[in-house]
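Counting with the working numbering, you get residues 6 to 455 for the letters of the sequence shown.
Positions of the beta carbon are idealized from the N, C-alpha and C atoms, including for glycine.
Worksheet: one structure, shown below.
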Amino acid sequence: MPRFDFTFRQLLWASVALHGILLIYGHWQDTHLVVKYTDIDYVVFTDASRYLTQGQSPYKRATYRYTPLLAQMLMPNIWFNESFGKWIFTGANFLIGVLIQKILRLRGMSESRAVKFNAIWLLNPMVANISTRGNAESVIGAMVLGSFYLIMKRRIGWGAFLYGLSVHFKTYPIIYSISLLVMMDDKYFQVQETETLENKDKEDEREGPTSSGHHAVRSGSKDSVVVKAVKDLVNFITWRRVQFGLLSGAWFFFFTGLMYYIYGYEFLYETYLYHVTRKDHRHNFSFWFYNIYLTFTSPTGTLVGVLTFVPQLALVLAIGCCFGKDIFFCAFLQTFAFVAWNKVCTAQYFMWYIVFLPLLIPNLASNPRMGLKSQGRNMLIGWVATQGLWLSQAYNLEFLGLNTFWNLFIASTLMYANNVWILVELITGATYEPIFGGRGVIRQIWSPRS
6 MPRFDFTFRQ
16 LLWASVALHG
26 ILLIYGHWQD
36 THLVVKYTDI
46 DYVVFTDASR
56 YLTQGQSPYK
66 RATYRYTPLL
76 AQMLMPNIWF
86 NESFGKWIFT
96 GANFLIGVLI
106 QKILRLRGMS
116 ESRAVKFNAI
126 WLLNPMVANI
136 STRGNAESVI
146 GAMVLGSFYL
156 IMKRRIGWGA
166 FLYGLSVHFK
176 TYPIIYSISL
186 LVMMDDKYFQ
196 VQETETLENK
206 DKEDEREGPT
216 SSGHHAVRSG
226 SKDSVVVKAV
236 KDLVNFITWR
246 RVQFGLLSGA
256 WFFFFTGLMY
266 YIYGYEFLYE
276 TYLYHVTRKD
286 HRHNFSFWFY
296 NIYLTFTSPT
306 GTLVGVLTFV
316 PQLALVLAIG
326 CCFGKDIFFC
336 AFLQTFAFVA
346 WNKVCTAQYF
356 MWYIVFLPLL
366 IPNLASNPRM
376 GLKSQGRNML
386 IGWVATQGLW
396 LSQAYNLEFL
406 GLNTFWNLFI
416 ASTLMYANNV
426 WILVELITGA
436 TYEPIFGGRG
446 VIRQIWSPRS
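Structure below.
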């Protein structure tokens, strides 16, 4: 079978072509068909930007529940062309592709192999469709991945800036805070160099196998569990961790405070507080949706909506503590769990964790149990099949007017169960590779010759 090897530049141009075709087609569909290609959220963004150009609040546009910075960023939609924002969002896709390539190369992968895994993002039709329809999730993804890359390179100041800005734009990236702090262990502050695959193996032999990011407790330790826990907590509080927390927090509060100064409580409520009590019983993959539907006008529904955050946040916190030293593996697990347990879930939320897939799949592919010829294939089939089942019932409800709420609940429950299974399989079967090894080196977990 002939091999087709592409350079990263060729892959990038192919991605530009894919996005360009979808943008052109989208314009045609919006012009000629009743069902529009452009996402309703993009219409909301543009209307909010129009209010800004008139010197008014973006929140005059009903259902605009985002930071005013997004509406400001899209003001050229009004001044020049309404498609301007879509090009911004697709440009963020390309930036993510550049970051993925840099991270894979930094961890030891060859250029040609990195390009193949990068295609999972850059040539992903789902990603391209969501961005060209006018959804802003790729902008958040670029901020998150950019902050990870900068922190990995020990540029804490710029990394903290991007991370604080990403949390201001959308609060979900705050779930990565614990995993970032866990990654900044003693090795993070040692002299940086690049660790070869051979040196990695020798270091692993000295340190022993790593399964959860923590060294085993010596059986002969005389310290009680409580004393050791206190000591670990004290040792965890280092200057660099405090520095990152203060800087990222300062940038978050700077942007949030500035927007509050300009737009007042309306900004706080629409951008942040609304999402705490938000109740969505339509277009919602979440298995919580049926309870929301049944208790939509009841105070009990609001209480249950708030309580759903408890297991969700407990799970992402536990994952961050256990796997934070492999920040990309950990971020995927945290995001996947966060979306699966969230009370609201739409297709655009999948982009939150798909952005990490090209950085996770190489490890899965190298594991016979997790590859596409074994369990990996089953996980992919289950993920697609349960979504297809849900979409078929949603079509019957939205377009045929059939009462399929119970069927949708069954489909959502199956989708949730499948996601739980995937999460368990990844935690128990995937290869866990901490970013930093001995002497503060970035561990090259793939051979450059591969």
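Supposed contact pair residue j and residue i - C-beta distance, whole angstroms, cut 8 Å
| i | j | result |
| --- | --- | --- |
| Ile440 | Lys330 | 6 Å |
| Ser143 | Phe174 | In fact, because the Cβ distance is near 12 Å, the residues do not count as touching under 8 Å. |
| Leu127 | Ser20 | 4 Å |
| Ile125 | Leu428 | Their Cβ separation, rounded to whole angstroms, is 19 Å, which puts Ile125 and Leu428 out of contact at 8 Å. |
| Gly146 | Val360 | 4 Å |
| Ile83 | Thr58 | 5 Å |
| Tyr295 | Phe410 | 7 Å |
Span separating the alpha-carbon of residue i from that of residue j
| i | j | result |
| --- | --- | --- |
| Tyr42 | Tyr177 | 27 Å |
| Arg159 | Ile447 | 11 Å |
| Ala352 | Asp191 | 39 Å |
| Leu27 | Trp357 | 21 Å |
| Leu170 | Phe259 | 9 Å |
| Arg14 | Ser115 | 15 Å |
| Leu186 | Asn347 | 24 Å |
| Gln197 | Asn368 | Only weak support is given to the placement of Gln197: the predicted model assigns it a pLDDT of 49, under 50, and the value that follows is read from those uncertain coordinates. Each residue's Cα considered, the two are about 24 Å apart. |
| Ala416 | Ala22 | 35 Å |
| Leu122 | Val132 | This sequence places Phe at residue 122; Leu is not what is there. Distance between the alpha carbons of Phe122 and Val132 is about 15 Å. |
| Thr418 | Asn289 | 12 Å |
| Trp426 | Ala390 | 14 Å |
| Glu403 | Leu413 | 12 Å |
| Val49 | Trp33 | 20 Å |
| Glu200 | Met80 | Per-residue confidence for Glu200 stands at a pLDDT of 49, beneath the threshold of 50, marking its modelled position as unreliable; the derived number appears in the next sentence. Approximately 46 Å, taken between the alpha carbons. |
| Gly164 | Leu155 | 5 Å |
| Ser371 | Thr436 | 9 Å |
| Tyr1 | Gly60 | The first residue shown for the chain is 6 and the last is 455, placing residue 1 beyond what the model contains. |
| Leu252 | Gly325 | 20 Å |
| Ala97 | Glu430 | 31 Å |
| Lys107 | Gly151 | 11 Å |
| Thr12 | Ser117 | 7 Å |
Outcome for residue i when other beta-carbon atoms lying within 10 angstroms are tallied against a minimum of 16
| i | result |
| --- | --- |
| Leu86 | Checking the sequence shown, residue 86 turns out to be Asn, not Leu. Exposed: under 16 other Cβ atoms inside 10 Å. |
| Asp206 | Any reading at Asp206 is ruled out, since the residue's pLDDT is 49, under 50, leaving its predicted position unreliable. |
| His37 | exposed |
| Ala119 | buried |
| Trp244 | exposed |
| Lys233 | exposed |
| Trp256 | buried |
| Ile479 | Any answer about residue 479 is impossible in this case: the structure gives the chain only from 6 up to 455. |
| Arg283 | exposed |
| Ile450 | buried |
| Gly31 | buried |
| Val281 | exposed |
| Arg382 | exposed |
| Val40 | exposed |
First through last residue of the alpha helix (DSSP H) which encompasses residue i
| i | result |
| --- | --- |
| Glu116 | Glu116 to Leu127 |
| Arg112 | Segment: none, Arg112 is in no alpha helix (DSSP H) and carries neither H nor E. |
| Thr51 | Ile45 to Thr58 |
| Ala383 | Per the sequence presented here, residue 383 reads as Asn, with Ala not at that position. Gln380 to Glu403 is the span of the alpha helix (DSSP H), which, as asked, contains Asn383. |
| Ser143 | Glu142 to Met157 |
| Phe258 | Trp244 to Tyr268 |
| Val172 | Ile161 to Phe174 |
| Ser371 | No alpha helix (DSSP H) contains Ser371, which DSSP labels as neither H nor E. |
| Ile297 | Phe294 to Leu299 |
| Phe410 | Phe410 to Gly434 |
| Met131 | Pro130 to Thr137 |
| Gln339 | Ile332 to Trp346 |
| Val187 | Ser182 to Met188 |
| Val21 | Phe13 to His37 |
| Pro81 | Pro81 to Trp84 |
| Gln317 | Phe314 to Phe328 |
| Gln77 | Pro73 to Met78 |
| Ile359 | Met356 to Ile359 |
Within-9 Å CB hit, residue i to chain B
| i | result |
| --- | --- |
| Glu116 | Protein chain content of the structure displayed is limited to a single chain, and chain B is not contained in it. |
Point to revise | Cβ contact (3+ pairs, closer than 8 Å) linking the stretch 387-396 and the stretch 260-279 | key: Cβ pair count under 8 Å is below three, so no.
Review point. Is there contact between the stretch 88-97 and the stretch 138-154, where contact requires at least three CB pairs shorter than 8 Å?
Key: Yes, the stretch 88-97 touches the stretch 138-154.
Check your understanding: Quick one: any contact between the stretch 68-75 and the stretch 104-115, if contact means 3 or more CB pairs under 8 Å?
Key -> No: fewer than three Cβ pairs fall under 8 Å.
Review point. Are the stretch 180-189 and the stretch 320-337 touching by the rule of at least three beta carbon pairs closer than 8 Å?
Key: Flag = yes, the stretch 180-189 and the stretch 320-337 touch.
Check your understanding: How do the stretch 52-63 and the stretch 72-83 stand: do at least 3 beta-carbon pairs fall below 8 Å, yes or no?
Key -> Cβ pair count under 8 Å is three or more, so yes.
Exercise for review: Flag this pair as touching only if the stretch 311-318 and the stretch 372-391 have three or more C-beta atom pairs under 8 Å; answer yes or no.
Suggested key: Result no; under three Cβ-Cβ pairs closer than 8 Å.
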